[in-house]
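Position 32 of the sequence shown, counted from 1, bears residue number 35 in the numbering used here, the numbering being contiguous throughout.
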Amino acid sequence: MTALQPEITALVARQQRLADGIAAEARHQVDDSDAAFARLACDHPEKCSCPEDYPGWTPGGTR
């Protein structure tokens, strides 16, 4: 094993994580159900959160 082996191993692992992330994003971009899932927040805002999740916060910054 060379002195650079741990650095090379870490670099390969980092590149693999990057490749995995890129592949996951590519799958997300072609997911037919993604638009329907994203619409849920607009169609049902009451399901996204409740006042207890964000005490003292007012949507839009008004009181």
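Beta carbons: idealized from backbone N, C-alpha and C, even for Gly.
Computed from a predicted structure; not experimentally measured.
Proximity of residue i and residue j at Cβ, strictly below 9 Å
i, j, result
"residue 31", "residue 23", "no"
8 Å Cβ shell around residue i - same chain, five flanking residues per side excluded
i, result
"residue 49", "none"
Self-check item: Ordered list of alpha helix (DSSP H) runs contained in the stretch 10-51, each at least 4 residues
Solution: 37-46
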